[in-house]
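Reading through the structure tokens given below for one structure.
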Amino acid sequence: MENAAEASDGPTSAAVKVSGVGRTFRLGRRELVALQGISFGVRDGEFVSIIGPSGCGKSTLLRLIAGLIAPSSGSISIGESTVREARAARKFGFVFQEPTLLPWRSALQNVTLLLELARRGSAAERRARGIELLELVGLGQFVDTPPAKLSGGMQRRVGIARALAVDPQILLLDEPFGALDEITRQQMNVFLQSVWTAQRTTALLVTHNVGEAVFLSDRVIVMSNGPGRIVGELQIDLPRPRDLTLLQDQRYFALAGQLTQMLFTSGVALQSAYS
Amino acid sequence: MLPSHEPSSSSSDGRLRKRLTSLTYGLLIIVGIVVVWSLVKYGSGVTNEALPAPMEVARAAWVNRGALIAATGITLEGALGGFFFGSVAAVGLAIVMASSPTVSRTLMPIVLVIRTTPVIAIAPLLTLVLGNGIATIFTVTALIIFFPTMVNAVLGLQSVPPGVIELMAIGNASRRDVLWRVRLPNALPFIFSGLQIGASTCILGAMVAEWIATESGLGYMILQAGAEFDIGLLWAAVLVAGLAAFVIFMLTGWVARRVTREGAWDEA
Ligand SMILES: Nc1ncnc2c1ncn2[C@@H]1O[C@H](COP(=O)(O)OP(=O)(O)OP(=O)(O)O)[C@@H](O)[C@H]1O
Ligand SMILES: [Mg+2]
């Protein structure tokens, strides 16, 4: 399970460290344990996917890491700093599960929003960067279009461009390609891999898609629910850069099968749904 | 994959036709009102004091046109000034109220007391402090119109989706950034619906102020004409006031549509 990256970057290279984290929600009088005893690390520059059944706490986990909510127990650190400090330093790029676009802003203005908040660059520079990113996600013709006039998948891509705009050190993606058709999804996967390689970001991707997890990741963390916890981990030692020919590769099939197996043997999803 | 644009080729032609039809529509309504009015007037035994004939009102308006125009100008000034200051105060107060539940709980009873107090009751106090001039007119009008805008603005400021607040947190946005870039734009359609209610009431507000504070304007003219049994002029002044309220209301709606950029809001 040892990775070459860790050896070269030394021991201080844990970009994200989650230690014994639990999170409880209060739903009326009931207490809901959304996450329990979650521990894992993400190395600097590593691409890690989290896969697991609906409701097992994947979104909650990303929110905790970004410091949007606080853990009920355990602790999280981002490099040498706390999540709060990391967020204040604008280290995170976050692609939300919902598009979360501002309806009164054009696609471009949505992409440049976080740059405006960071007071980064001149208005012209921000605009140029925004257009560049929209072109990268295939929306070059929709720069001035309001979100209401974009399709669901297009809105999602605006959200991805927005997260990339601030050149984040840690990219948190919550099912970013869930609403996309299979072909666009594959194109976006290749695109995401190239962004990740070029910007040397650390990426943490939540997905439901086994193929996507294998294609993109260095490592996949498998979760299960009731309460949400980690049930396994799979190293993906496929050579990079990966392209679409990988989808016909035997090793790809083997890993995808192995992952599917892990998901199903953990099989708490249906059980808890009927209890 | 082409950007979808609304058909714009026949726009100037279509817009002209649209304007013409709305003009004829307006004229038809006025003619209809006059016809119904005449029928009621001559078809029943209503006295002149209760309801003068349309022609009599028109004649009174024409004879007193100078005074009527002057009074309209005065009332418009009071109404628009009060509308403006009242609305600014409403949005300002809404921003303060929306900033925290504690502040809101503290301020709301005070605002409700002010809202419920009949203006007549505080008229002596107002005129004592502000005098018998435009300041009192503005204040009374503002007091009468501010409430719907304030309530709507609070709602709009607070109804930002939680996900957007999280997005702003990811961007490490200050409270000020959240207010200016998210809360206020989000509240704009709400504020405008409050403003339209205010716009429909501000002429009445100014006339109430004229009744209690000054001796000029359409409100005063109505009182005066009533006292002198000049029913034609009274009705002329009432109609002009109604027309003024209508124009302010329509203008506010027009501005609202322009500012909220072709309904990007209501599709959200
Ligand atoms: N703000 C909240 N208040 C109360 N309960 C919450 C809250 N957020 C999440 N939960 C609960 O925590 C559990 C995990 O939710 P979460 O959104 O993290 O799941 P998920 O793994 O992202 O699911 P999906 O794949 O469907 O998006 C759910 O049972 C949910 O009801
Ligand atoms: Mg989720």
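Just so you know, the sequences run in chain order W and G.
Residues in the first sequence are numbered consecutively from 5, following the working numbering.
Residues in the second sequence are numbered consecutively from 104, following the working numbering.
Ideal Cβ positions, reconstructed from N, Cα and C, are used throughout, including at glycine.
message: Tell me whether the stretch 221 to 233 of chain W and the stretch 52 to 62 of chain W touch, counting them as touching only if at least three CB pairs, one residue from each stretch, are closer than 8 Å.
response: Under the 8 Å Cβ criterion, the stretch 221 to 233 of chain W counts as touching the stretch 52 to 62 of chain W, having at least three qualifying pairs.
- request: Out of I240(W), Y256(W), R27(W), point me to the one whose CA is closest to R233(W)'s CA.
  value: The residue labelled residue 233(W) in the question sits at position 229 within the first sequence. When only C-alpha atoms are compared, the closest one is R27(W).
task: Using only alpha-carbon positions, find the residue among V194(W), E84(W), G45(W), L117(W) that is nearest to F275(G).
output: The sequence position of residue 275(G) within the second sequence is 172, counting from 1. What sits at residue 275(G) in the sequence shown is Asn, not Phe. Minimum Cα distance to N275(G) is reached at L117(W).
task: Starting from the Cα of A340(G), find the closest Cα among A245(G), F250(G), M211(G), E159(G) and give me that residue.
output: Locating residue 340(G) in the second sequence gives position 237, counting from the first residue. Of the listed residues, the one whose Cα sits closest to A340(G) is E159(G).
query: Is any beta-carbon of chain W found at less than 8 Å from that of V194(G)?
result: As a working mapping, residue 194(G) is identified with position 91 in the second sequence. Not closer than 8 Å to any Cβ of chain W, the Cβ of V194(G) fails to qualify, so no.
field: Lining residues of ligand 2 - beta-carbon closer than 7 Å to any non-hydrogen atom, in sequence order
entry: Going by the Cβ distance cut-off, the answer is K62(W), S63(W), Q101(W), D178(W), E179(W), V210(W).
- request: Kindly confirm or deny that the stretch 104 to 118 of chain W and the stretch 163 to 177 of chain W touch, where touching means at least three C-beta pairs closer than 8 Å.
  value: Three or more Cβ pairs drawn from the stretch 104 to 118 of chain W and the stretch 163 to 177 of chain W lie within less than 8 Å of each other, which places the two stretches in contact.
message: So, with DSSP's three-state summary, where would you put Q190(W)?
response: Locating residue 190(W) in the first sequence gives position 186, where the first residue counts as 1. Reduced to three states, the DSSP call for Q190(W) is helix.
query: Using a C-beta to C-beta distance shorter than 9 Å, which residues of chain W count as neighbours of V160(G)?
result: Counting from 1 along the second sequence, the entry for residue 160(G) is found at position 57. Result: empty, since nearest Cβ-Cβ is about 46 Å, beyond 9 Å.
field: Contact list for T104(W) against chain G, beta-carbon separation under 9 Å
entry: Here the question's residue 104(W) lines up with position 100 in the first sequence. Per Cβ cutoff of 9 Å: P264, G266, V267, E269, L270.
message: Taking the beta carbon of F349(G) as the centre, do at least 16 other beta carbons fall within 10 Å, making it buried, or is it exposed?
response: Translated into the one-based positions of the second sequence, residue 349(G) becomes position 246. By the 10 Å Cβ count, F349(G) comes out exposed.
query: According to the Cβ coordinates, are S23(W) and G78(W) closer than 8 Å?
result: Numbered from 1 along the first sequence, position 19 holds the residue referred to as residue 23(W). Numbered from 1 along the first sequence, position 74 holds the residue referred to as residue 78(W). Remark: C-beta atoms of S23(W) and G78(W) approach each other more closely than 8 Å.
message: List, in chain order, every chain G residue whose beta-carbon is nearer than 9 Å to that of R94(W).
response: Walking along the first sequence from the start, residue 94(W) turns up at place 90. Neighbours of R94(W) on chain G, chain order: I273, G274, N275.
query: Using the C-alpha atoms, what's the distance from R284(G) back to T230(G)?
result: Taking the second sequence and counting its residues from 1, one reaches residue 230(G) at position 127. Taking the second sequence and counting its residues from 1, one reaches residue 284(G) at position 181. Going by C-alpha positions, T230(G) is about 40 Å away from R284(G).
message: I want to verify the contact list: residues of chain G whose CB lies under 8 Å from the CB of R91(W), in sequence order.
response: In the first sequence, the residue the question calls residue 91(W) occupies position 87. A272, I273, N275, listed in chain order.
- request: Can you check the stretch 144 to 176 of chain G for any alpha helix (DSSP H) of at least 4 residues that lies completely inside it and give the ranges in chain order?
  value: The DSSP assignment places complete alpha helix (DSSP H) segments of no fewer than 4 residues inside the stretch 144 to 176 of chain G at 157 to 166, in order along the chain.
task: Quick one: measure Cβ to Cβ for I174(W) and T206(W), integer angstroms, because I've assumed they're closer than 8 Å.
output: Translated into positions along the first sequence, residue 174(W) becomes position 170. Translated into positions along the first sequence, residue 206(W) becomes position 202. Rounded, the Cβ-Cβ distance is 5 Å, consistent with contact.
- prompt: Can you find at least 3 beta carbon pairs, one from the stretch 82 to 89 of chain W and one from the stretch 144 to 156 of chain W, that sit closer than 8 Å?
  reply: Verdict: no, contact absent.
- prompt: With DSSP run on the structure shown, which of helix, strand or coil describes P292(G)?
  reply: Taking the first residue of the second sequence as 1, we reach residue 292(G) at position 189. Three-state DSSP puts P292(G) in a helix.
field: Cross-strand partners of R233(W) (DSSP beta bridge)
entry: Looking up residue 233(W) in the first sequence gives position 229. Checking the DSSP bridge columns, you'll see R233(W) partnered with S228(W).
field: alpha helix (DSSP H) segments (min. 4 residues) lying fully within the stretch 216 to 272 of chain G
entry: Entirely contained in the stretch 216 to 272 of chain G, the alpha helix (DSSP H) runs reaching 4 residues are, in chain order, 222 to 233, 237 to 261.
message: If the cut-off is 9 Å on Cβ atoms, which residues from the stretch 280 to 292 of chain G count as contacting chain W, listed in chain order?
response: Under the 9 Å Cβ criterion, the stretch 280 to 292 of chain G contributes D280, R284, V285, P288, N289, L291.
Nearest-angstrom beta carbon gap, T355(G) and A302(G) [assumed within contact, 8 Å]: Here the question's residue 302(G) lines up with position 199 in the second sequence. Here the question's residue 355(G) lines up with position 252 in the second sequence. Going by Cβ atoms, the distance from A302(G) to T355(G) rounds to 4 Å, so yes, they are a contact pair.
query: Smallest Cα separation from G297(G): which of V232(G), V281(G), S190(G), L228(G)?
result: Locating residue 297(G) in the second sequence gives position 194, where the first residue counts as 1. Among V232(G), V281(G), S190(G), L228(G), the Cα nearest to that of G297(G) is on S190(G).
- request: Buried or exposed for I80(W), please, with buried defined as at least 16 other CB atoms from any protein chain shown within 10 angstroms of its CB.
  value: As a working mapping, residue 80(W) is identified with position 76 in the first sequence. A residue is called buried once 16 or more other Cβ atoms fall within 10 Å of its Cβ, and I80(W) is buried on that count.
- prompt: Does DSSP put F100(W) in a helix, a strand or coil?
  reply: Mapped onto the first sequence, residue 100(W) falls at position 96. F100(W): coil per DSSP, three-state reduction.
- prompt: Which same chain residues, not among the five before or five after L119(G), have their C-beta less than 6 Å away from its C-beta?
  reply: Mapped onto the second sequence, residue 119(G) falls at position 16. Hits under 6 Å: none found.
query: If you check the beta carbons only, do G185(G) and I240(G) fall under 8 Å apart?
result: In the second sequence, counting from the first residue as 1, residue 185(G) sits at position 82. In the second sequence, counting from the first residue as 1, residue 240(G) sits at position 137. Yes, the Cβ-Cβ distance between G185(G) and I240(G) is below 8 Å.
query: Between the stretch 205 to 215 of chain G and the stretch 264 to 280 of chain G, do at least 3 Cβ pairs fall closer than 8 Å?
result: Contact fails: fewer than three Cβ-Cβ distances are below 8 Å.
query: By Cβ distance, which residues of its chain are closer than 6 Å to L258(G), with the 5 residues on each side in sequence left out?
result: Within the second sequence, numbered from 1, the residue matching residue 258(G) stands at position 155. For L258(G), where only same-chain residues beyond five positions count, the Cβ hits under 6 Å are F293.
- prompt: So is M104(G) in contact with chain W if we call contact Cβ pairs under 8 Å?
  reply: As a working note, residue 104(G) is residue 1 in the second sequence. Note that M104(G) has pLDDT 41, beneath the 50 cutoff, so the model's placement of it is unreliable and no number is given.
- prompt: Could you give the distance in angstroms between the alpha-carbon of S126(W) and the alpha-carbon of A18(W)?
  reply: Along the first sequence, one-based indexing puts residue 126(W) at 122. Along the first sequence, one-based indexing puts residue 18(W) at 14. Cα-Cα distance, rounded: 34 Å.
Runs of alpha helix (DSSP H) wholly within the stretch 108 to 195 of chain W (minimum 4 residues, chain order): Entirely contained in the stretch 108 to 195 of chain W, the alpha helix (DSSP H) runs reaching 4 residues are, in chain order, 111 to 121, 127 to 140, 156 to 169.
message: In this structure, how does DSSP classify L342(G) when only helix, strand and coil are distinguished?
response: In the second sequence, the residue the question calls residue 342(G) occupies position 239. Under the three-state reduction of DSSP, L342(G) is assigned to helix.
- prompt: Is it the case that the CB of A38(W) approaches a heavy atom of ligand 1 more closely than 7 Å?
  reply: As a working note, residue 38(W) is residue 34 in the first sequence. The answer is yes for A38(W).
- prompt: Under the DSSP definition of a beta bridge, which residues are partnered with V46(W)?
  reply: By one-based count along the first sequence, residue 46(W) stands at place 42. As computed with DSSP, V46(W) is found in a beta bridge with V20(W).
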